[in-house]
Every structure is written in structure tokens, then in C-alpha cells.
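Peer 1:
Numbering (this note's numbering), first residue to last: 2 to 306.
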């Protein structure tokens with residue numbers, strides 16, 4: 002069976018790396034301590050509970066964060082004070098995404114330790130304990146020192162079925178490291194060259210297709226082009242009228258309230274842009290038709306700046 006203490010320490014170090022990057026402060030994890038959890042994990046609001054999955058090994062792991070700690074982390078990310086009584090909807094959304102990113106990093110590190118693929122790793126916040134693995138759990142928790150003031154606690158719980166599959170995953174890794182298996186692995190490496198010669202043929206065919214450089218002008222001059230265009234006349238296109246754009250940091254976005262005003266990058270007299278499938282095709286002015294906004298075209302195929 003893998004060394005669970007080592008796995009927990011390694012996963013906490015991965016959590017510290019992600020947390021430090023999110024808060025933009027140096028972060029380091031302390032050693033994990035084992036505190037087994039015999040009962041069901043509660044999702045009553047004192048903790049943010051995340052269920053992380055490692056599909057390649059069939060393992061589900063619970064990662065828990067103290068809500069008070071996550072509140073401080075979100076406040077540090079937004080550059081504001083942490084003395085607000087409760088997190089609003091936007092702060093809760095950021096906290097959920099932050100917890101998921103940390104849990105994903107921890108499980109990806111677990112995959113590296115086990116030598117299995119991290120493909121498909123995901124983590125979701127759970128507010129219903131019925132969706133969590135049943136107890137008992139082998140649990141480890143540790144703290145992450147972030148900057149000079151933050152020291153959140155992160156706990157990771159392994160249910161019995163996760164422990165059994167960790168044992169199976171660990172037993173698969175050991176034969177791969179044995180000398181008899183190392184030789185077939187070396188012999189298997191020549192397999193990639195066959196796809197290389199196969200892949201050299203399609204580029205020649207691709208060059209033949211790209212060689213028809215006259216195709217763009219043919220539909221405009223040849224009469225059959227109109228018949229071909231009729232085939233796509235009923236294809237729906239998304240048209241957007243863009244009044245203007247601006248860039249705002251996250252801390253300003255979450256502070257927006259009803260009545261807030263922010264400035265766009267266009268003057269009031271400038272025309273608005275019309276995009277078809279994200280391609281600028283025209284500019285115009287806003288008018289009103291039958292109590293609805295409309296756009297009067299003033300310029301077709303404008304030059305992009």
C-alpha cells in the first residue's frame with residue numbers, strides 16, 4: 002500500500018503552490034497530521050466540502066476547507082478587508098472555484114505519485130452529504146502558511162473504497178518499476194516511429210488541397226457560385242451589436258451594485274460595431290423602431306484598427 006503520510010504531505014504541498022499563485026503571495030505547507038473521521042462529513046456551512054475524482058484509478062477523495070479560512074482567502078484575492086460578516090453570491094462563487102482548483106491540483110499530484118494518468122480529474126463543491134462517500138475515513142489535515150497573516154487548514158479524507166483502490170493502484174505501479182517490466186517498456190518505445198511515416202503522407206495531400214488558390218475568386222465570377230451559395234442561405238448566424246468595451250480588475254467587478262457606472266472605450270458620437278460570428282462586418286448608429294433598439298448601417302466591411 003502506498004505511504005499515506007507521504008501522499009498527504011505531497012498533496013498539501015500541491016495545494017500550497019496553487020494557493021500561493023491565486024493569492025500572489027509565497028505559500029508553504031506544514032506536514033500533514035492524521036485525524037481519522039469516523040462519522041459522516043457535514044456540509045452545514047462551517048466547512049466547504051469538495052469531492053475530487055481521479056477517473057484513471059476510480060478514486061474519490063474529499064477535500065475540506067474551513068469556511069472562515071476560505072473567506073479570508075477570497076478577501077485576499079480581491080484585495081479587500083476580511084471583516085465582512087458573510088460572503089455574498091459573488092464571493093461564494095469565487096470561493097467555490099478556488100476550492101475546486103486546489104482540490105484538482107491535489108488529486109493531480111496524487112496521480113503523479115501513483116504513476117497513473119491525471120486525465121479527467123475534476124472537483125466539485127458539495128452541499129449535500131448524501132453525495133459523499135460513506136464513513137469511516139482515514140483523514141489528514143495540515144496548514145498552509147500564505148504570506149504573513151493567512152494560515153488556512155486543509156483536510157483530505159480517504160474513504161475505505163478509496164484506500165482499497167489506492168492499494169490496487171500502488172500494486173500496479175510497483176511491477177512497472179521492476180527490471181523485467183522495464184525492458185518491455187523500452188522495447189515499446191520504437192512503436193511511436195510508425196505513426197511518424199504515416200503522418201508524413203497527409204501533409205502531401207493537405208498541400209494538394211491547399212493548392213487551389215483560385216477558389217476564393219471563383220464563386221464571385223462564375224455563375225454556379227450563386228447556386229452553391231443558395232445552399233447556405235438558411236444557415237442562422239449570430240449578430241452582435243457592440244456598444245463598447247472596457248477592462249476591469251476582479252475586485253471592481255465584484256463591487257458593482259445597482260446604479261454603478263463604468264466608462265466604455267468609445268465616445269458617444271462613435272458608431273457601434275456589428276459582428277457576425279465574431280467577425281466585424283459593419284458599423285452603424287443606434288435608432289429606435291417600434292419601441293425597440295435597432296441599428297442603422299453606416300459603413301460596410303470597415304477596416305479593423
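Each residue gets a CB set at the ideal place from its N, CA and C atoms; glycine is no exception.
Since I believe residue 51 is in contact with residue 104 (beta carbons under 8 Å), could you give me their beta-carbon distance rounded to a whole number of angstroms?
Peer 2: 4 Å
Peer 1: Report all residues from its chain with a CB closer than 8 Å to the CB of residue 247; omit the five preceding and five following residues, and keep chain order.
Peer 2: Only 263, 264, 265, 266 meet the Cβ criterion.
Peer 1: Spatial neighbours of residue 119 within its chain, please: CB distance less than 8 Å, with the 5 preceding and 5 following residues excluded, ordered by chain position.
Peer 2: Scanning its chain for C-beta atoms nearer than 8 Å, with the 5 sequence neighbours on each side dropped, one finds around residue 119 the residues 55, 57, 108, 109, 112, 113, in chain order.
Peer 1: Three or more beta-carbon pairs under 8 Å between the region 6–13 and the region 132–144, yes or no?
Peer 2: The answer is yes - the region 132–144 touches the region 6–13, with three or more Cβ pairs under 8 Å.
Peer 1: Opposite residue 52 in the DSSP bridges: which residues?
Peer 2: 63, 125
Peer 1: Would you grab the beta carbon distance between residue 157 and residue 64 for me? Rounded to a whole angstrom, and I think it's under 8 Å.
Peer 2: 5 Å
Peer 1: Express the C-alpha separation of residue 250 and residue 136 in angstroms, rounding to a whole number.
Peer 2: 42 Å
Peer 1: Using the C-alpha atoms, what's the distance from residue 4 back to residue 261?
Peer 2: The straight-line gap from Cα to Cα measures roughly 54 Å.
Peer 1: Please name the residue or residues paired with residue 157 in a DSSP beta bridge.
Peer 2: 64, 141
Peer 1: Taking the continuous alpha helix (DSSP H) assigned at residue 95, which residues delimit it?
Peer 2: 90–115
Peer 1: Please work out which residues of its chain come closer than 6 Å, Cβ to Cβ, to residue 53, disregarding the five sequence neighbours upstream and downstream, and give them in chain order.
Peer 2: 62, 64, 104, 108, 124
Peer 1: Quick one, are the C-beta atoms of residue 288 and residue 240 less than 8 Å apart?
Peer 2: no
Peer 1: Taking DSSP's pairing of strands, which residues face residue 285 in a bridge?
Peer 2: Under DSSP, residue 285 forms a beta bridge with 273, 298.
Peer 1: In the DSSP assignment, what residue or residues form a beta bridge with residue 30?
Peer 2: Residue pairing for residue 30: DSSP places it in a beta bridge opposite 145.
Peer 1: Along the chain, where does the beta strand (DSSP E) containing residue 22 start, and where does it finish?
Peer 2: From DSSP, residue 22 is part of no beta strand (DSSP E) but of the alpha helix (DSSP H) over 5–24.
Peer 1: Spatial neighbours of residue 83 within its chain, please: CB distance less than 7 Å, with the 5 preceding and 5 following residues excluded, ordered by chain position.
Peer 2: In this prediction, residue 83 has a pLDDT of 48, which is less than 50 and means its spatial position is unreliable; what the coordinates show is noted afterwards. 72, 73, 76, listed in sequence order.
Peer 1: Mind checking residue 291: buried by the 16 CB within 10 Å criterion, or exposed?
Peer 2: exposed
Peer 1: Excluding the 5 residues preceding and the 5 following residue 304 in the sequence, name in chain order all residues of the same chain whose CB lies nearer than 8 Å to its CB.
Peer 2: none
Peer 1: Grab the span of the beta strand (DSSP E) containing residue 243 for me, first residue to last.
Peer 2: 240–243
Peer 1: Using 10 angstroms around the beta-carbon of residue 92, count the other beta-carbons present and answer buried if the total reaches 16, otherwise exposed.
Peer 2: buried
Peer 1: Quick one: residues in its chain with C-beta nearer than 7 Å to the C-beta of residue 69, no 5 flanking neighbours on either side, listed in chain order?
Peer 2: none
Peer 1: Can you tell me whether residue 99 is buried or exposed? The criterion is at least 16 other CB atoms within 10 Å of its CB, across all chains shown.
Peer 2: buried
Peer 1: Within 10 angstroms of the Cβ of residue 274, are there 16 or more other Cβ atoms? Answer buried if so, exposed if not.
Peer 2: buried
Peer 1: Give me the DSSP bridge partner(s) of residue 246.
Peer 2: Its beta-bridge partners do not exist; DSSP assigns none.
Peer 1: Give the DSSP-derived three-state secondary structure of residue 38 in the structure shown.
Peer 2: Three-state DSSP puts residue 38 in a strand.
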